[in-house]
Every structure is written in structure tokens, then in C-alpha cells.
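Mapping of the sequence shown onto full-length UniProt numbering: position 508 corresponds to residue 508, and the numbering continues sequentially without gaps.
Report on the structure given below.
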Amino acid sequence: MPMLKNPAVKYRPYTPLDLHDRTWPTKTITKAPIWLSTDLRDGNQALANPMSIAQKTRFFQHIVKCGLKEIEISYPAASEPDFQFTRNLIEGGLIPDDVWIQVLTPARTDLITRTFEALAGAKKAVLHMYNACCPCFRDVVFRNSQDETVELAVTHTKLVRKLVDEYSAKYGTQFKYEYSPETFSQTEPDFAVRVCEEVKKAWGKAGLGDERIIFNLPATVEIATPNHYADQIELFGRNITEREKVIISLHPHNDRGTAVAAAELAIMAGADRVEGTLLGNGERTGNVDIVTLALNQYSQGISPGLDFSDLQGVVDVVTACTELAVHPRHPYAGELVFTAFSGSHQDAIKKGFEAQAKRHAADVKTGNMLYWEIPYLPIDPADLGCTYEAVIRVNSQSGKGGVSYLVKQALSLDLPRRMQISFYQVVQALSEETGKEITMEDIVSAFKKTYRFGGGPHEGRLVLKSFTLSEVPPSRPASPGQENGLYDTGRRFEGKLLVDGAVRMIRGEGNGPLSALLDALRGHLDLDLSVREYSEHSIGEGTSVKAASYVELVKPDTDPNNKTIGGYWGVGVDSNIAASALRAVISAANNALGSDRVTPAKAHIVESEADIATAVYDSLSLDLPRHLQTAFLKVTKINTASTNGAISPDGLISLFRKTYEYDQTSQGPFTLREYAVITKDAHTRRFEGVVSIAGQNEKVIGEGNGPLSAFLTGLHTRLGKNARNPQTPGAELHGLIEVKEFSQHSIGTGSDVKAASYVLLGMDAASSRRTAWGIGVDEDIAVSGLRAVLSALCGLYKETPKN
1 MPMLKNPAVK YRPYTPLDLH DRTWPTKTIT KAPIWLSTDL RDGNQALANP MSIAQKTRFF
61 QHIVKCGLKE IEISYPAASE PDFQFTRNLI EGGLIPDDVW IQVLTPARTD LITRTFEALA
121 GAKKAVLHMY NACCPCFRDV VFRNSQDETV ELAVTHTKLV RKLVDEYSAK YGTQFKYEYS
181 PETFSQTEPD FAVRVCEEVK KAWGKAGLGD ERIIFNLPAT VEIATPNHYA DQIELFGRNI
241 TEREKVIISL HPHNDRGTAV AAAELAIMAG ADRVEGTLLG NGERTGNVDI VTLALNQYSQ
301 GISPGLDFSD LQGVVDVVTA CTELAVHPRH PYAGELVFTA FSGSHQDAIK KGFEAQAKRH
361 AADVKTGNML YWEIPYLPID PADLGCTYEA VIRVNSQSGK GGVSYLVKQA LSLDLPRRMQ
421 ISFYQVVQAL SEETGKEITM EDIVSAFKKT YRFGGGPHEG RLVLKSFTLS EVPPSRPASP
481 GQENGLYDTG RRFEGKLLVD GAVRMIRGEG NGPLSALLDA LRGHLDLDLS VREYSEHSIG
541 EGTSVKAASY VELVKPDTDP NNKTIGGYWG VGVDSNIAAS ALRAVISAAN NALGSDRVTP
601 AKAHIVESEA DIATAVYDSL SLDLPRHLQT AFLKVTKINT ASTNGAISPD GLISLFRKTY
661 EYDQTSQGPF TLREYAVITK DAHTRRFEGV VSIAGQNEKV IGEGNGPLSA FLTGLHTRLG
721 KNARNPQTPG AELHGLIEVK EFSQHSIGTG SDVKAASYVL LGMDAASSRR TAWGIGVDED
781 IAVSGLRAVL SALCGLYKET PKN
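As C-alpha cells, then:
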């Protein structure tokens, strides 16, 4: 059946009250009402699968944790589980002394009696009785007149009073009495007052404080706008006698979606108490949400007297016990309520946080209140146990402000505006490609990948490993504003740069560190770039402070003043401000380089041992002994005779590796297969192992005062035996082999440390005397020494004439 074009033929509007002198619109809420949770009664009876006793117990304990002092726990006469749950709480001592438990009963003698049986031994209890009073229920359901309805309420109130006296005397229970004229919002206002007056008279115990009688005035079904409910509450409060002895309680339902508004206006109209549920579970569309009401007041500077510091914990308990999900847009508690996807919203929030930080810093100095004022966030998520990480989330509708906010939150990087625009384009493309929300992890990963930030898997083709800066007379006047105008003398940059994994030593000069590095990139890689924009800021405080630097580079054919033509952005972070700036340049240079071919390293003339030592150390971290430097310089000069001594850095390191069998993938003529060193006594070591000699495994056994001397003794013995047969491996090495020089040092630190060993072996034969250097590196210091001996043996073997 379709909707009616004229619904007036089927539905009657509510009848507004003639209350022209209403005063509630002029009132404001200045204090919290008395709160009662009816999650375990009204909420439970609305569930398709009612809660188990274990679930109810967990829920009760969490309600107590949130600070509620009145909790409607059951309808004991309705079911055995409700009765037993009530008994468990009382007998188990689970009810704090300052908490009132409330139980519900209809106006029936047998059910009232059973309800009191459930309360036996309770310390503080509210007996809540109800009967329906509106015309529809009187005429259709119960077929009672107004007088009969009043008589029903009065008769059973007298029974309640009698049982209260009995149980108070027997168990010492402190009671309150609550009466609900059910369907109050649909009941004639004058009749609602009449029945409550008669109930108060029959109760006869109404007093002040905890002796006040509670009249609960439910919007059992919400049938009008919230202002109508407020009118009903104000009119009731005007006409009920002995108002100071009465607590007016609200019980709004949410049939029209305005339960929260109805409750707030009714509080303004004079209500003292609110019955509701955490997150609004209840019959049909639910009860009023206590969380929303309480946090609405909290956001206005009014303490609700409840603790929702861990609001997610409330959500977890409610969903676990009711098996009902909380909508992601549910006020305060939904997972998206503090989240902005829109670019304009994100930008406003970002600027709000920045402005508030400055305002609060000033307020701290002047002693002013630190008021919260952030666009789109009426309450601080942190007050509810939420982090700011979810405040801004990114999809295709998001803007640069939101993206840069997340980068700042995750990496403490406050990107310059133009860099925000540049990176936003990266994220927007990613979002449009996937069609989904982009998480903070996605953004951080994209940032690190784009700007080669953070090292490890995010390193680019260019990696600055180390550098030195020194002063030189300026080669040209400092450009106004360039590099912040900090440098009035020239700088020389010398550094070790990984280029596609290969080490290059680069040098350059300029009027500051940036221009010196750019000069080095220009001279060594033909990468011609200049600075268009540079900025920096600090991260952290005190001894842990670091510098973050941002630079935009442009190619020489780009007008630096034409900001419409994009450049290449980079970022660097370091405890040293100069280092952070240089890392930012390398970051940007990686973007400029892209997949272009890198100019091969230029050859230079190796003139001295110092050139050898620097090149090998920068590339391999090997601190060569001085005599080894001299030996390899001779090898280099012999191999570069045809080029007048010129050799590229890569070529020099390649020659070094080949000469000393260093870290070679192919096996040399001597290879250690396995070994063991046995301590015989304090001065003697025994070496037992297998060594591949010219491709054939030979057993080597020897003794000495250490692993090296034992190994050499065993080798000398083995090679001596082989010398008797010219066809056996190593027969050519038949002289006395001894260590002429030996040294070691460590490479790296911590768990990555290795040992580097250097050995000079000499061999005295009948007709000649030869020497050769060997190098070995290993985590085990003994193994590094053995490898160095084998490396030197390879050198001797290569120099020995073959038969």
C-alpha cells in the first residue's frame, strides 16, 4: 500500500497545550540531572536475544564503572532469569553501597509480592510501579474508567507501602518509591496530575531528599515535537502539590528521533531525573541515549557526573552484551563521528589545531582558561579516550590540508604549502586509483616512497652515506635569501654517495652547504639543479631535538619565479641542521633523477697511498695498513700504465677486489671448507680442517700458539708433502711460509659488527723470496684471520711460476 497523498484522512496531529505563559524556553541547563540506566530492564526486554545472567552482570559492572548511581536492573516477576539475576547481585555483594538498584512491577498484587521477594536483603532499592493511563489504553486495553485507573494505582501503592515497611524492618533496606503513569505523553494533563496526587497521598511517605517520591513521566511512545513534551513537564510541575517532595523523572523514547531533544527541553522545563540507556537501546527505536545527553552537557562545560573517558570501552561492552552494532555516525560513540573526509573540513581542522596551540601557549603564560575551539569538533576526542589519528581520514574528496595534517601527526613533518600541494597530488592519484579510503599507513608509505624518506626499503638511487664540510673563500657572492643567508664564506662539500649501490666520492664548492652539494652533483653526475624554495623547522625539544628541512629543486631551464612549473621536492631530518638540509637535497635529487641514466664516474689519477686508503675505506670500510696501501698503489700503477694512472672509483675498487680475492663470488685457489680449533693447553692450539687447494679438498692439521700459527703449520706440512709430487695441488708453494705482518679492526657496531683482518705472508724458497697481502672479513674474528691467510696464499700462488 503506497503512502497517502493526504495523510490527514488517517492521522490526527497532537493537540498542543494551551500554555501561553510557558517559561522553559527562557531557561538554560546548568547542572546534570539524576541519571538512571534502564539498560538491564527496558533495554534487555527489547532484544531479540535477551542477555544472559553473565552478560547482565558484566553490563551492570560497567554501568557502575561509568558512575551511574541508579540502575534499573530487572523486572523480577516477569521471568526466572530476571529474578535470579537480582538475587545474584544482592547475595554476591556486587552492588556498591552508594548505588540504588531499581526494579519494575505492574500494579498487580501477585507480581508486586514476587518483586519484593527478589529484593530481600538489598541495601538501597527503588520500587518502580506503573499502570497505563492514556485514553487508548484505558478504553481499548484495560477498559477502565479514569476512576478505576486511579483506584488501581492507589490500591497497589498501599500494598507497596505495606511491603516496604515489612522489608525495611526485616532487612534494613532503604526504599524509594517510583510511580509511572505509563503513556504519560498521551494522557490528559489534568488526569496525569490527579492520579499522581492520589498515589502520593496513598504513599504517605513523601518527604525531602531521599524521601521524595519519584513520578516518572514517560513518553512511552513519542508522538509530538520535543517542545510539546517540555510543555507537558512544565504544566505537571506547576500543578503537582508539594513540589519539593517530588522528583520529576523523564523516560523518553525515540520514535520520532528526537528523544535527546525532548529530554533536554524537559530538563529546562523542570525535570530532575532522566531514565535512559547507554547508546540508546530500547523498544522500537530505542530509549533516550544517556551518553549523548551527558556529553552534550559536558561539551557546554557542565559536569554530567559520569565518566566516559573510555568511550570505546562502553561501545565494546554494549555491543558484546546486546549483540547490536553501534552505527559509525552515532553521536560521540560512532567510529566516524570525529572524522573528516572533506578537504575543506580537513583544512579548517588543521588550521584550528595550529591556532589553538598558539592560543593555549599564550593562555598558559597569562593564566587564562585553555578553552577548546576547533572547527567541526565540538568536543576534544582525547577526553573520550580517542586519539587524533582518526580525526582526518583521506579519500578522493579530501584536500591537501588533511593529507599534510596526517603527515605531521605521523612523522612530525610540517610541510611547506607548495610541498603540501605536490604530495596531495600523489595521494589523490592513489585514492582515485583504488577508489577507497586511504589510511594513515598508506599515506606514510606513499610519502616515504615519494621522497625516499626513512632509509631502508625507501632509499633512492642516491644515498648520502657520509660527508664533511669545510670553509673555503667564497667563489661568488651569496645570493640574497639563499640558504637563509646564513653563510658568508664558501663551503667545500666532500662526501660518500651511493649511486645505484656503487660508492662514489663527490666534491663540490659553493656559498653554502646546499650549493656545494649541488655543485658536486653537477660535476660528478651531470645533475644540474638549483634551489627554488627552502624551509626548515625543529622536531622535539632539548637534547633530542632534530631539524627537518624541505627543499624544492628546479632544472636550469626553469624560471625559479614561475611557481606554476613544478619542481622536485625533498625532505631531510637529522640532529645536525646542515645534514638535514643536505639529505633534503638528495631526496629532491632522487625525484629529479627518476629513471634517467647516471653519468659514469669520472676517472682520476691515483697518486698516493692516501688516495688508495680513502677510496677503499669509503667504499668498503676497510682501514688498510700502511704497507698494504703501498702494495696496492704499485698494483694500481701497473694496471693503469696505459691510461697514465687514471682510473675510475668503481674501477679502483674492482681491481682491489680482484687482487685480494675480496668478497668474490667465484672461488679462488685456496678456500676454507670446514675447520675446528682445539685448545690443548694454555699455550697450544690444534687446527683441524679441510681446505680446497686448486679445486681439490685437502685435510690440514697443525699446531701452534694460536689459530693462525696452527693453521699455517698445517698448511706448511700439507704443501710440503704435495711438493714431492709436482702433479698435486699447491706443489708450487714449497718454501717456508710465515707471517710477516698482521693487524685487525672492527667494522660496524652492535649486532652488525664484523672483524677485518690483514696479513702479509712471506715465502722463502730455494731461489726466490716472495710476499703477498691477504684480507679477510667475517663476524667471527678467528675466521676473518684464516680468510686473510687464504687470501694471501692466493696472492703467492698467482705470483709463483707454474710448471
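No residue lacks a Cβ here, since even glycine has one placed at the ideal position from N, Cα and C.
Reference residue i, options the options, closest by Cα
| i | options | result |
| --- | --- | --- |
| Gly540 | Ser412, Glu148 and Phe656 | Ser412 |
| His128 | Lys65, Asp42, Cys134 and Asn144 | Asp42 |
| Ala340 | Cys321, Leu406, Pro304 and Leu295 | Leu406 |
| Leu652 | Phe423, Val616, Gly92 and His683 | Val616 |
| Lys448 | Gly460, Thr155, Gly523 and Pro81 | Gly460 |
| Arg22 | Thr86, Thr241 and Gly237 | Gly237 |
| Gly512 | Pro473, Asp289 and Leu250 | Pro473 |
| Asp681 | Gly704, Leu4 and Glu533 | Gly704 |
| residue 804 | Asp623, Asp574, Thr640 and Ile577 | Outside the shown range of the chain (1 to 803) lies residue 804, about which nothing can therefore be said. |
| Asp778 | Arg770, Gln102, His745 and Lys798 | His745 |
| His627 | Asn296, Ser470 and Leu761 | Leu761 |
| Pro649 | Ala631, His716, Val503 and Ser595 | Val503 |
| Ala772 | Lys436, Gly795 and Arg87 | Gly795 |
| Leu525 | Ala589, Val571, Gly454 and Thr468 | Ala589 |
| Val789 | Ala710, Tyr177, Arg769 and Asn6 | Ala710 |
| Arg417 | Glu533, Ala646 and Leu517 | Glu533 |
| Val759 | Leu793, Arg769, Ser751 and Asp780 | Leu793 |
Straight-line Cα distance separating residue j from residue i
| i | j | result |
| --- | --- | --- |
| Gly501 | Asp663 | 16 Å |
| Arg673 | Asn697 | 8 Å |
| Ala355 | Gly567 | 30 Å |
| Lys69 | Ser309 | 17 Å |
| Ala520 | Thr543 | 32 Å |
| Pro707 | Ile737 | 15 Å |
| His62 | Gly93 | 16 Å |
| Glu182 | Leu217 | 7 Å |
| Ala78 | Lys162 | 22 Å |
| Thr322 | Thr277 | 12 Å |
| Ser445 | Ile678 | 52 Å |
| Gly748 | Lys754 | 7 Å |
| Trp100 | Ile71 | 6 Å |
| Lys31 | Val64 | 21 Å |
| Leu89 | Ser37 | 16 Å |
| Ser530 | Asn562 | 14 Å |
| Glu437 | Cys386 | 20 Å |
| Thr564 | Ser515 | 24 Å |
| Gly286 | Leu293 | 14 Å |
| Pro7 | Val317 | 42 Å |
Residue i burial status per 10 Å Cβ neighbour count (16 or more: buried)
| i | result |
| --- | --- |
| Glu166 | exposed |
| Cys136 | exposed |
| Met419 | buried |
| Tyr11 | exposed |
| Lys200 | buried |
| Leu786 | buried |
| Met1 | exposed |
| Glu188 | exposed |
| Asp18 | exposed |
One or two residues paired with residue i in a DSSP bridge
| i | result |
| --- | --- |
| Asp764 | Leu736 and Arg769 |
| Gln409 | Answer by DSSP bridge pairing: none, since Gln409 is not bridged. |
| Leu464 | Leu497 |
| Tyr797 | Partner(s): none; Tyr797 has no beta bridge. |
| Met129 | Thr105 and Tyr179 |
| Met505 | Lys496 |
| Trp100 | Glu70 |
| Gln696 | Ile693 |
| Lys205 | DSSP output for Lys205 lists no bridge partner at all. |
| Phe215 | Tyr179 and Ile248 |
| Gly542 | None; Gly542 has no bridge partner. |
| Val531 | Leu553 |
Distance between beta carbons of residue j and residue i, contact taken as under 8 Å
| i | j | result |
| --- | --- | --- |
| Glu198 | Ala259 | Not quite, the Cβ-Cβ distance comes to about 29 Å (not below 8 Å), so this is no contact. |
| Glu211 | Gly270 | About 20 Å; that fails the 8 Å criterion. |
| Val551 | Ala584 | 4 Å |
| Lys158 | Gly207 | Not really, about 18 Å apart at Cβ, beyond 8 Å. |
| Ile247 | Arg273 | 5 Å |
| Leu265 | Asn227 | 6 Å |
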